Each structure stands twice: as C-alpha cells, then as structure tokens.
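Undergrad:
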Amino acid sequence: MVASGLAAIPLALNASAATTATVTVAAGSSLGTVPATAFGLNTAVFDQYLTDSSATTLMKAAGVTQLRYPGGSYSDMYHWKTNTVDGSGYVAPNTDFDHFMATAKSVGADPMVIANYGDGTAAEAAAWVSYANVTKGYGVKHWEIGNEVYGNGHYGSAWENDTHADKSPTAYANAVVAYAKAMKAVDPTVKIGAVLTTPGNWPDGIVASGDSADWNNTVLSIAGGSIDFVSLHWYPTASSTAALLRTPTAIAGATSTVKALIAKYTSRSVAVSVTETDGLNSPARTSQAAALFAPDTYMTWLEQGINAVDWWDLHNGAGAVTTVDGQTDYKDEGVLSNGSCGSGGVCEPAHETPFPTYFGLKSLTALASPGDTMVKASSTSTLVGVHAVKAADGGLNVMLINKSPDTAATVGLAYTGYTPASGGVTTVTYLKNGTALTTAVQGTATLQTLPAYSITTLKLAPSSGTAASASASASASASASASAAPTATGKASATATATTAATCKVAYTTNDWGSGFTASVTVTNTGTSALNGWRVSYTYTGNQTLSGTGWNGTWSQSGRTVTIANAGWNGSLAVGGSATAGANFGYSGSNAAPTAFAVNGTACSTV
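According to mature numbering (1 follows the signal peptide of the UniProt record, and there is no 0), the sequence shown holds residues -17 to -1, 1 to 590 in order.
1. Who are the Cβ neighbours of M282 in its own chain at under 8 Å, not counting the five residues just before and after it?
2. Tell me the DSSP secondary structure of W111 in three-state form.
3. Given 8 Å as the limit, is there contact between the segment 488 to 505 and the segment 568 to 578, that is, 3 or more CB pairs closer than that?
4. Enumerate in chain order the residues of its own chain whose CB-to-CB distance from L14 is below 7 Å, with the five nearest sequence positions on each side excluded.
5. Mapping DSSP to helix, strand and coil, what is V6?
6. Can you tell me the Cα-Cα spacing of I205 and V241, whole angstroms?
7. So what's A576 in DSSP terms, helix, strand or just coil?
8. Which residue's Cα is closest to the Cα of T172: D211, G395, Q540?
9. Is it buried or exposed for Y73, if we count other Cβ within 10 angstroms and need 16 for buried?
10. Among the residues of its own chain, which have a CB less than 6 Å from the CB of A490, if the five just before and after it don't count?
11. Can you find at least 3 beta carbon pairs, one from the segment 11 to 27 and one from the segment 49 to 60, that sit closer than 8 Å?
12. Please name the residue, chosen from A44, W111, K150, that lies closest to G533 on a Cα-to-Cα basis.
13. Would you say L33 and T78 are within 8 Å of each other, going by their C-beta atoms?
14. Smallest Cα separation from A1: which of A392, K167, G569, A562?
15. Inspect the beta-carbon positions of V367 and V8 and report whether they are closer than 8 Å.
16. Determine the contact status of S37 and E335, defining contact as a CB-CB distance below 8 Å.
17. Compute the Euclidean distance between the alpha carbons of H298 and S323, then round it to the nearest angstrom.
18. D149: which of K415, G193, N116 sits nearest, CA to CA?
19. Could you pull the start and end residues of the beta strand (DSSP E) that I384 belongs to?
20. Can you give me the C-alpha to C-alpha distance between P76 and F29, rounded to a whole angstrom?
21. Return yes when the Cβ of T230 is within less than 8 Å of the Cβ of A221, no when it is not.
22. Do Y133 and W198 come within 8 Å of each other at the CB atom, strictly closer than that value?
23. Which of the three DSSP states is assigned to I210 in this structure?
24. Which runs of the alpha helix (DSSP H), 4 residues or longer, sit entirely within the segment 300 to 385?
25. Would you call the segment 60 to 70 in contact with the segment 134 to 141, where contact means no fewer than 3 C-beta pairs closer than 8 Å?
26. Under a three-way DSSP split, which group does S89 fall into?
27. So the beta strand (DSSP E) E286 belongs to, where does it begin and stop?
28. Name the DSSP bridge partner or partners of residue 592?
29. Excluding five sequence neighbours on each side, which residues of the same chain lie with their C-beta closer than 6 Å to the C-beta of L441?
30. Need the endpoints of the alpha helix (DSSP H) that T238 sits in, please.
31. Smallest Cα separation from N264: which of A246, W295, A237?
32. In chain order, what residues of the same chain lie with their CB nearer than 6 Å to the CB of Q540, ignoring the 5 residues before and after it?
33. Excluding five sequence neighbours on each side, which residues of the same chain lie with their C-beta closer than 8 Å to the C-beta of E331?
34. Report the residue ranges of all beta strand (DSSP E) runs contained in full by the segment 533 to 561; include only those spanning at least 3 residues, in chain order.
35. Please determine, among F276, M166, A243, T181, the residue with the shortest C-alpha to C-alpha distance to A226.
36. Express the C-alpha separation of Y570 and Y100 in angstroms, rounding to a whole number.
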C-alpha cells in the first residue's frame, strides 16, 4: 500500500440544507456485467486472525469474491516455500499458502497471489505455480508480479523492498517478461499481472534520470505482450470526509488513461484490477464516511470495466484514534477489528467485530451478483450517489447513498426501459452506528426518503412480475445467512413455502475459471397459475462441490445432488415470472452441465 491518491474534486457540500434529488435509471443500458472477481479483499501473512472461522463466515456474508495474498509490501519479501519474510517481518501462525487456500475455498473466493519481485526470482515464482496448480491442483489463475515496485527508491521515496541493483521501470518490465515465461511454462492458463501507477498518483508521469519515459509507458512498452492484466492501487487524498466522498468522480478519467496506454502498446486483451484501495489518506478509515465510500468506489471502478477491486484489508490494527462525524474512528484499515489498542490506550472492540466499512462492503450483496448487468444511473445532487444493476431474474436493484452526515434526502426516481411493480418496495439499508443491514418495505419505486449518512438499496420487481414481498423482515442480523458471492441480506427461507407442482422451465449457465465456476439457475413459471414457493433440484455427473451458501436462494448439496430453495423475497412467481439464484462451486476434471431439473418434485423443461 502507498499513501498517494488522485486529488479531491474542489466542490463544497452544504450539509446543513435539506437534500432533494432526482435519480434517473436507464435500465435498458449496459455498463457490462459484474465480474466473478469483482468484490475483493486483501489478506496478509502478518494477520493472526486470517484463518479464523469467524472471519471466514463474515467474508462469506459480505459476498467477497476475491482474496489477495500474501499482503501488500510484505509480498516483496515473502518466500512461500518456507513461509518466511526477510528482515524483521512477522509471519503469524497458520497463514502459510495452504492455510490461505483453505480459507479462500471456504469463502468461495478467487485467489489473487503476489509473486515476490523484491528479492525473489522467476524460478521461485514458477515453483509456486507448480506447487499450487500441478502438485495441489488449486487452479490459482491470477498472479501479480510484485506489489508497489515503483516505491523502490528509483523516484526518491523507498518503502518497497527491491534488492536489484537496477531499480528502473525497464528492469522491472524485463523481469515481468521473464517471470511470465517461467510461470506459463508450468501452467499456460495462469494470468500474469504487472504493476502500474494509477494516473494522478505519484509517481505517475515522472521520468527519472536515465529513463526515456515514465513508469507506465516503459512497463507497457516492454511487457505489454506478456501480461494479462495490470494492477493499480488507489488511495485518494482527501482533507475531509466530504472530500473523500467526492473522490470517485475522478475514477472515469483514470481508467480511460490506463486503457488508452494499454491500447497504445498491445492489441492483446489486458484487464485492469484495482488491487488495493481504502480511505487511508482521509480522516475516515473505520467510520461511516469510509463505509459510504466503499460501495461507491467498488461500483464506480466496476462500471468503468475494471475486473476486480480489492479493499485493504481484512484485519490491520488501531492507529491514532480520533472522533470523525461523531463516531470513534480507530484509524484501522481492516474491515474487521483485531482487538488492538491505538494511541492513548484506546482499544478496539473484540476481534472480528465488524467496522462500518465491513457493512459498506456487505451492502453490495443487496445490489449485485456476478453476471448481473450494471446499468447507467445519475443523480441531480452531489449528495446522493446512485448505482443500478439489472439482475439475472429480471429485477432491478438501485443503490442510493446519502452523503450528508446531518440531513435526510428526499429522492424522486425515474426509469427508462423498465416499469417497476407498484406498491411498497423492499429496501436493504445500512445506517450510521448500525450493527447490521436492515431489510424493510418502505417508500415506492418513484419516491424514497434516505436517512442521513446511509446506504439504501431498492430491490424492484418488474410490473409484469411480482411486487416485493410485504412480509420482509424489518431487520437482518449481521450473522444472517449470506453468500460467497453477492446476495440480498434478507433471511433466506430454509424451505420452499409451498410444494405445489408447477409447469416450469429451468435455465442453467456457468462462468468457469478452470478449478471452479459460478452456476446461475433461472426458474420460470410456465403454468397457468401463480407459484407460491419453489425448490429446484438437479444432479451433477462430476465432482462439483458447493462453495459457500449461494445467493438469491438457499443452496445445499447431498452427494452429487444440488437443491435450491427460494429466498424469502422471491418465492412467489406469477405466470411467466422467473427468479434466478447463483452459487460458486469447485471441481477438478470435467464440468459437465446437468441435463435434468425438477421444481417441487416435477420435471421441468430446460433451455
């Protein structure tokens, strides 16, 4: 991690005046689909609670779909085979690679591994790939070469370990080519990532003595043909919480610049991942402003076509504790407390207590699942942020972020390409000082009142389907059943609410990454009467194994047979209505799709 960022946009926010806004959602548009790796989190070998079962459960519930390891700048000193860090670096017990992979599998998250460039070698990295994917069969696809290598002293500041005599971008780029060649010789399917500087962040644009170009142009001109993705870190600088909440407006320009550079030097498809971000360079790290910043940041990057966003980090530690917007901010960059004490002897809550930033991340589970379509949405007020997603089941989810710490916001909503069902709307909300997401039926699809400093997601059914359930729970516990990928935070029904046979149709699709996949199952009521409760069952022919708890339904597996029961809010299907549920699976060998499906015990047609 590095303390640098895009400059804040100089726009004053008036928190004392009542906020009104009009939000427009273009539901027929597309900003691309939500990647399977979208919602990431950093983990580190210095974290004594990395492998806690409580942390695993909380990561599942937050919908984490990628875990980065072995941890920031430690990565350029870490030797995987001995599980050691050079110098005086601390490695906690049970944080070795195999323990990390067990955690990633339990969470249902894609592993992003950082190979040691600082004092490592291409041979060491290739041996890691061999152990991971040949010996153990883990199928790790994403491998980043080094961490913040530009912080090796070549531009003056030196925090990143780099023992190479030549610390120039040319030396790093040539090494990336060598690492990629060695690692792909072991497993040609791995994806290799190179470190770039984020446009607007130091040392972007600086040409050091002896160089002919800056870091990004040099690295891409040499290594562009050998890499599959680039890695950016974004720690925006903000002097106030209001400024922090404005910084995502700079993301579109940064992304455009990076994509133009990639296109300049290679015709290959090179993805972009933001592998570290948080509110480090602002007053808020664990308080409510940081919680609001988190989902806004994730979605703004993803809407620009970014492949993954990884928050820094799971656990970290208390710093110079302060009060921010009336809340204690422990200056901890983790999303879960590790129970440490900061300056002045002020101690955090018990370890594994979620900070507001955790709930900011978890709020995304109500908005989006991998494979959903992000759509354009806009707000007439800078105090009301908005993101919208068209779900695979035909529903429309709209996240509204009230950035005023003091006043509620009255929001009118308009839609193009979509007509929401009439009646009350199911909302999933995170409030200041909240200890859970709350689910309720409130407002309408066209008018909502947002509490101050809140995140509210509307879950809208189409007018041709069924309106949101009026029996939704008014409060969802932080420990409520949730998924290894994004889901609504209402408590899922353990069984279908009825066992009535139905004429039905089932569609089954997957997003496969070699050692695992995301399964999406859509059930449609093709009968002549409404279906009040559904349960889908099917059988695999291979060794596909359910990872986590799935989303938009309750998933279970017995042997090779998988069963999905409706969630509490999508069990009623009108004639022609449909619902989609998803889950992550692991496997080895073949991954043949099931050919027969039943709903409530009755065989269905497939599409």
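The C-beta atom is built at its ideal place from N, Cα and C for all residues, glycine as well.
All values reported here derive from a predicted model rather than from experimental measurement.
TA: In short, the structure shows the following:
1. Translated into the one-based positions of the sequence shown, residue 282 becomes position 299. These residues qualify, in order along the chain: L347, L350, A351, M357, H370, M382.
2. The sequence position of residue 111 within the sequence shown is 128, counting from 1. In this structure, DSSP gives W111 a helical state, which the three-state scheme calls helix.
3. yes
4. In the sequence shown, the residue the question calls residue 14 occupies position 31. Cβ neighbours of L14 beyond the five flanking positions: E286, M357, V358, K359.
5. As a working mapping, residue 6 is identified with position 23 in the sequence shown. If DSSP states are grouped into helix, strand and coil, V6 belongs with the strands.
6. If you number the sequence shown from 1, residue 205 lands on position 222. If you number the sequence shown from 1, residue 241 lands on position 258. Going by the C-alpha atoms only, they are around 16 Å apart.
7. Along the sequence shown, read from residue 1 onward, the residue named residue 576 stands at position 593. Three-state result, A576: coil.
8. Looking up residue 172 in the sequence shown gives position 189. Selected option, being the one with the closest Cα: D211.
9. Working through the sequence shown from its first residue, we reach residue 73 at position 90. Exposed.
10. Along the sequence shown, one-based indexing puts residue 490 at 507. These residues qualify, in order along the chain: T505, V590.
11. yes
12. Translated into positions along the sequence shown, residue 533 becomes position 550. Closest option to G533, Cα to Cα, is A44.
13. On the sequence shown, position 50 is the one that residue 33 refers to. On the sequence shown, position 95 is the one that residue 78 refers to. Yes, they are a contact pair.
14. In the sequence shown, residue 1 corresponds to position 18, counting from 1. Here the closest residue by C-alpha is A392.
15. Residue mapping note: residue 367 aligns to position 384 of the sequence shown, counting from 1. Residue mapping note: residue 8 aligns to position 25 of the sequence shown, counting from 1. In this structure, V8 does not lie closer than 8 Å to V367 by Cβ.
16. Position 54 of the sequence shown holds residue 37. Position 352 of the sequence shown holds residue 335. Cβ atoms of S37 and E335: closer than 8 Å.
17. Start at 1 with the first residue of the sequence shown, and residue 298 comes out as number 315. Start at 1 with the first residue of the sequence shown, and residue 323 comes out as number 340. Taking the straight line joining both Cα atoms gives about 10 Å.
18. For this step, residue 149 is matched to residue 166 along the sequence shown. The residue with the shortest Cα to Cα distance from D149 is G193.
19. In the sequence shown, counting from the first residue as 1, residue 384 sits at position 401. 379 to 385 is the span of the beta strand (DSSP E), which, as asked, contains I384.
20. As a first step, residue 76 is located in the sequence shown; it is residue number 93 there, counting from the start. As a first step, residue 29 is located in the sequence shown; it is residue number 46 there, counting from the start. In a straight line, the C-alpha of P76 is about 9 Å away from that of F29.
21. As a first step, residue 221 is located in the sequence shown; it is residue number 238 there, counting from the start. As a first step, residue 230 is located in the sequence shown; it is residue number 247 there, counting from the start. Yes, Cβ-Cβ distance for A221 and T230 is below 8 Å.
22. One-based indexing of the sequence shown puts residue 198 at position 215. One-based indexing of the sequence shown puts residue 133 at position 150. Yes, the pair counts as a contact, with Cβ atoms nearer than the cut-off.
23. Taking the first residue of the sequence shown as position 1, residue 210 is located at position 227. I210: coil per DSSP, three-state reduction.
24. 339 to 345, 347 to 350
25. no
26. Position 106 of the sequence shown, counted from the first residue, corresponds to residue 89. Looking at S89 - three-state DSSP - the assignment turns out to be helix.
27. Position 303 of the sequence shown, counting from 1, holds the residue named residue 286. No beta strand (DSSP E) holds E286; the alpha helix (DSSP H) holding it covers 271 to 286.
28. As shown, the chain starts at -17 and ends at 590. That puts residue 592 outside it, with no answer to give.
29. Locating residue 441 in the sequence shown gives position 458, counting from the first residue. Answer for L441: V381, V408, T410, listed in chain order.
30. The count along the sequence shown starts at 1 and reaches residue 238 at position 255. Taken as a continuous stretch (DSSP letters only), the alpha helix (DSSP H) holding T238 covers 234 to 248.
31. For the purposes of this step, residue 264 is taken as residue 281 along the sequence shown, with counting starting at 1. Among A246, W295, A237, the Cα nearest to that of N264 belongs to W295.
32. Residue mapping note: residue 540 aligns to position 557 of the sequence shown, counting from 1. Result list for Q540: L529, in chain order.
33. Counting from 1 along the sequence shown, the entry for residue 331 is found at position 348. The answer, listed in chain order, is A301, Y313, D315, S320, N321, G322, S323, C324, G325.
34. 536 to 541, 544 to 549
35. For this step, residue 226 is matched to residue 243 along the sequence shown. That would be F276, whose Cα lies nearest to the Cα of A226.
36. Translated into the one-based positions of the sequence shown, residue 100 becomes position 117. Translated into the one-based positions of the sequence shown, residue 570 becomes position 587. So the alpha carbons of these two residues sit roughly 31 Å apart.
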